[in-house]
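S.K.:
Residue numbers (the numbering used here): 74 to 472.
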């Protein structure tokens, strides 16, 4: 019998070789199991100047609830900044996405505030500094890789704004509500922007903001007054004083059966512009009826359904997500983004820092409800109409 070199061994040597082979196989299997992606971790880790490779993120579950899972930190593109999130803001779109749109595994959340911990190669250092605190928004709830309710977010640098003169929790009240107000007034209603000074063309013209106590409504009131408009708004009576403090000229109870007549009376039947911050059939129908005899232009935040009472009131649907410069699929329809959407957003991201410093725009009163693990409770309260106002959460300490 001939032996190959590998076989010409003492029996003990052969046994030792077998033992080593089994040990090597065992070690290989352990190594393989270590590197196999764990449930919930969907992408390859990238360092990108950030010491962390994984993070906590709030993820939609099979039953449409949300829970904290571990994910790899987002990859930073050449025009991106990586934000270590310290605070997040809750919006109605968060529970609506989780309930109706998101797939299991999607990260939810849009509004974030945090510290810049890494920058892509093309980010101009004259515009962004490592360690700065900035705020912005992404569209969460439609991707397993993108969402603000997480410990890290990557986003194009010029879609963020420097936090100055306010706390991170206050800054978390800004993103989608403020951007929605800006886009509604200056992109969709085509009102002149109030810089360097308000235009005389719209001075003392009337805008109706239905449900002005919403986050979007409060920012729209502030911007409308900056623009030179007169503001009529509706709310529950307990919110009247707050809305008058923001500058509203007329505040009426939306549950008053005579609210339409009173709106016409108080404004001299002169309402030409409108934003419906609730955008359900009963609200935009009522808002339309409050317009002046010659009609006008009403913006809704949900797609209007059914027959509308006044064809002379142009009623248009908008989505703040188009400010990110991408088309948005919503409810089976594609909402197109044009360069003007993103350009307006970028322009105002710079302007807002100064307006906040000067007190011309003020953040909302916020209600802190804990951290990522507490978001489900906040979503449930908002879904049931029981939330206390603008809800924010602390994700990390600002260091």
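Don't be surprised by glycine CBs; every beta carbon is placed ideally from N, CA and C.
Run the CB neighbour count on residue 225, radius 10 Å, all protein chains shown included, and call it buried at 16 or more, exposed below.
M.R.: So residue 225 counts as buried.
S.K.: What first and last residue would you give for the beta strand (DSSP E) that runs through residue 345?
M.R.: First-last of the beta strand (DSSP E) with residue 345: 344-349.
S.K.: Give, in chain order, every unbroken run of the beta strand (DSSP E) that is at least 3 residues long and sits entirely within the region 365-430.
M.R.: 369-373, 386-390, 401-403, 406-408, all fully within the region 365-430.
S.K.: At a cut of 8 Å, does the region 278-296 reach the region 247-257 through at least three beta carbon pairs?
M.R.: These segments touch.
S.K.: Rounded to whole angstroms, what is the Cα-Cα separation between residue 203 and residue 174?
M.R.: Taking the straight line from one Cα to the other gives about 35 Å.
S.K.: If you reduce the DSSP assignment to three classes, tell me which class residue 245 lands in.
M.R.: Looking at residue 245 - three-state DSSP - the assignment turns out to be coil, as it is neither helix nor strand.
S.K.: Since residue 294 is in the alpha helix (DSSP H), which residue starts that stretch and which ends it?
M.R.: Element bounds for residue 294: 288-300.
S.K.: Applying the 10 Å Cβ sphere with the 16-neighbour rule, what's the burial state of residue 406?
M.R.: Burial call: exposed.
S.K.: Relative to the C-alpha of residue 134, which residue among 170, 451, 166 is closest?
M.R.: Nearest of 170, 451, 166 to residue 134, Cα basis: 170.
S.K.: Which residue's Cα is closest to the Cα of residue 397: 416, 383, 403, 155?
M.R.: With distances taken between Cα atoms, residue 397 lies closest to 416.
S.K.: Quick one: using the 10 Å Cβ neighbour count with 16 as the cut-off for buried, is residue 411 buried or exposed?
M.R.: That one is exposed.
S.K.: Taking the straight line between their C-alpha atoms, what separation do you get for residue 329 and residue 360?
M.R.: Each residue's alpha carbon lies about 13 Å from the other.
S.K.: Please state the DSSP three-state secondary structure of residue 175.
M.R.: Looking at residue 175 - three-state DSSP - the assignment turns out to be coil, as it is neither helix nor strand.
S.K.: Could you check whether residue 471 and residue 206 sit closer than 8 Å to each other, using their CB atoms as the reference points?
M.R.: Yes.
S.K.: DSSP three-state call for residue 166: helix, strand or coil?
M.R.: Here residue 166 sits in helix by DSSP.
S.K.: If you compare alpha carbons, which of 279, 232, 455, 469 is closest to residue 553?
M.R.: There is no way to answer for residue 553, as the model of the chain reaches only from 74 to 472.
S.K.: Between the Cα of residue 261 and the Cα atoms of 391, 448, 420, 464, which residue gives the shortest distance?
M.R.: Looking at the Cα atoms, 391 is the closest of the given residues.
S.K.: Excluding the 5 residues preceding and the 5 following residue 454 in the sequence, name in chain order all residues of the same chain whose CB lies nearer than 6 Å to its CB.
M.R.: For residue 454, where only same-chain residues beyond five positions count, the Cβ hits under 6 Å are 460.
S.K.: Using CA coordinates, which residue listed in 447, 274, 371 is at the minimum distance from residue 346?
M.R.: Nearest option by C-alpha distance: 371.
S.K.: Classify residue 142: buried if its beta carbon has 16 or more other beta carbons within 10 angstroms, exposed otherwise.
M.R.: Buried, since its Cβ has 16 or more Cβ neighbours within 10 Å.
S.K.: According to the neighbour-count rule (16 or more other Cβ atoms, all chains shown, within 10 Å of its Cβ), is residue 188 buried or exposed?
M.R.: Classification of residue 188: buried, given that the 10 Å Cβ count is 16 or more.
S.K.: Spatial neighbours of residue 237 within its chain, please: CB distance less than 8 Å, with the 5 preceding and 5 following residues excluded, ordered by chain position.
M.R.: 426, 429, 430.
S.K.: Go to residue 454, then tell me how far its alpha helix (DSSP H) extends in each direction, as first and last residue.
M.R.: Counting along the chain, the alpha helix (DSSP H) containing residue 454 begins and ends at 448-456.
S.K.: Count the other CB atoms within 10 Å of the CB of residue 312; is the residue buried (16 or more) or exposed (fewer)?
M.R.: The residue in question, residue 312, is buried, as its Cβ has 16 or more Cβ neighbours within 10 Å.
S.K.: Could you tell me the alpha carbon to alpha carbon distance between residue 132 and residue 140, rounded to whole angstroms?
M.R.: About 5 Å.
S.K.: Alpha helix (DSSP H) containing residue 228: first to last residue?
M.R.: That residue, residue 228, is in no alpha helix (DSSP H); its beta strand (DSSP E) goes 225-229.
S.K.: Give me, in chain order, the residues of the same chain whose beta-carbon lies closer than 7 Å to that of residue 433; leave out the 5 immediate sequence neighbours on both sides.
M.R.: Cβ within range, chain order: 299.
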